[in-house]
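Contents: one structure, followed by commentary.
Residue numbers (the working numbering): 1 to 276.
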């Protein structure tokens with residue numbers, strides 16, 4: 001009976017850990033639109049291909065749209081939960097590239113020192129786990145996490161610099177080139193910035209939309225590490241919607257918090273007609 005109870009406890013913890021491991025992704029329903037046409041942002045809280053739970057409006061810290069060098073706030077009246085997914089209708093102004101960002105309010109949790117070590121394993125944070133000393137936290141570990149998702153959209157054929165705009169989020173992923181100019185077979189670089197400062201040696205996953213929904217984990221995504229300048233690159237192998245995401249957890253200097261985690265993602269479309 002004791003072994004059965006122990007197995008059940010571990011299973012419940014694994015399920016809870018997996019639920020807490022949901023990443024936030026935003027992608028547009030249409031890869032490109034004509035001038036004056038609305039677009040729908042699909043918000044997944046889980047994996048890029050499948051959402052495990054909708055994000056309510058009450059959880060939002062910021063929703064911003066950057067186009068033409070200006071940052072505006074979309075009308076959240078259209079924010080809605082459709083099953084386990086959230087959706088938002090946006091109305092880009094004129095032709096050009098634009099950037100939409102969604103950032104959640106911080107969530108705080110406390111675990112025992114032992115549970116937090118297991119949590120780091122479930123969250124796929126081996127670098128944090130390698131320096132984690134459970135003996136230093138006899139009263140448990142309190143940590144917070146926020147999620148920052150951004151996606152690049154396009155109106156017409158005019159390519160503009162808004163793809164690389166900052167929305168002021170704590171952790172942001174920025175491409176080195178406008179994805180509308182990237183051809184299949186080319187290398188594409190990106191940079192990860194924490195409060196505007198490059199994040200070196202950070203584990204980052206890069207992937208693209210799957211042919212079938214991915215139930216959990218990272219699917220067929222490729223694991224990369226950023227260099228000393230917080231940069232990494234990958235080969236664009238197919239014309240699909242791509243994503244980059246990472247989880248940056250570090251010891252906290254804030255009173256009452258032991259660790260702080262920022263999750264960031266970026267999605268963008270690679271067109272089969274780029275450069276044509």
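Ideal Cβ placement from N, Cα and C applies to all residues, glycine included.
Keeping to the same chain, check which residues put their C-beta closer than 6 Å to that of residue 48; ignore five residues upstream and five downstream. 25, 243
Ends of the alpha helix (DSSP H) at residue 115? 113-122
Runs of beta strand (DSSP E) wholly within the segment 184-251 (minimum 3 residues, chain order): Whole beta strand (DSSP E) segments, 3+ residues: 187-194, 203-208, 222-225, 231-235, 241-251.
According to DSSP, what are the bridge partners of residue 125? For residue 125, which the question treats as bridged, DSSP gives no partner whatsoever.
Delimiting residues of the beta strand (DSSP E) encompassing residue 334: This structure gives no information on residue 334, because the portion of the chain shown stretches from 1 to 276.
Give me, in chain order, the residues of the same chain whose beta-carbon lies closer than 6 Å to that of residue 245; leave out the 5 immediate sequence neighbours on both sides. Same-chain partners within the cutoff: 23, 205, 265.
Please classify residue 174: does DSSP put it in a helix, a strand, or coil? In the structure shown, residue 174 sits in a strand (DSSP, three-state: E or B).
Is the segment 127-144 touching the segment 221-238, taking contact as three or more C-beta pairs under 8 Å? no
Using 8 Å as the threshold, is the C-beta distance between residue 152 and residue 268 below it? yes
Quick one, are the C-beta atoms of residue 237 and residue 184 less than 8 Å apart? Against a cut-off of 8 Å, the Cβ pair of residue 184 and residue 237 comes out as a contact.
Can you look up residue 167 in the DSSP assignment and give me helix, strand or coil? coil
On the three-state DSSP scale, how would you describe residue 58? helix
Helix, strand or coil, according to DSSP, for residue 271 in the structure here? coil
Can you look up residue 136 in the DSSP assignment and give me helix, strand or coil? helix
Give the DSSP-derived three-state secondary structure of residue 70 in the structure shown. Judged by DSSP in its simplified three-state form, residue 70 adopts strand.
Proximity to residue 179 [Cα-Cα], best of 223, 226, 241, 143: 241
Assuming residue 110 and residue 82 form a contact by the criterion Cβ under 8 Å, report the distance between their Cβ atoms to the nearest whole angstrom. Going by Cβ atoms, the distance from residue 110 to residue 82 rounds to 33 Å, so no, they are not a contact pair.
I'd like to know whether the C-beta atoms of residue 35 and residue 95 end up nearer to each other than 8 Å. A contact, by the Cβ cut-off of 8 Å.
If you run the structure through DSSP and keep just helix, strand and coil, what is residue 88? Residue 88: strand per DSSP, three-state reduction.
Taking all protein chains shown into account, decide if residue 207 is buried (16 or more other Cβ within 10 angstroms of its Cβ) or exposed. buried
Residue 154 and residue 197 - do their beta-carbons sit closer together than 8 Å? no
Kindly list the residues whose CB is nearer than 7 Å to the CB of residue 76, restricted to its own chain and excluding five residues on each side of it in sequence; keep chain order. The beta carbon of residue 76 sits closer than 7 Å to those of 57, 63, all from its chain and outside the five residues before and after it, given in chain order.
Whole angstroms are fine: how far does the CA of residue 102 sit from the CA of residue 45? 11 Å
Local conformation of residue 52 per DSSP, three classes: coil
Counting only the same chain and skipping the five closest in sequence on each side, list residues whose C-beta sits under 7 Å from that of residue 201. 225, 226
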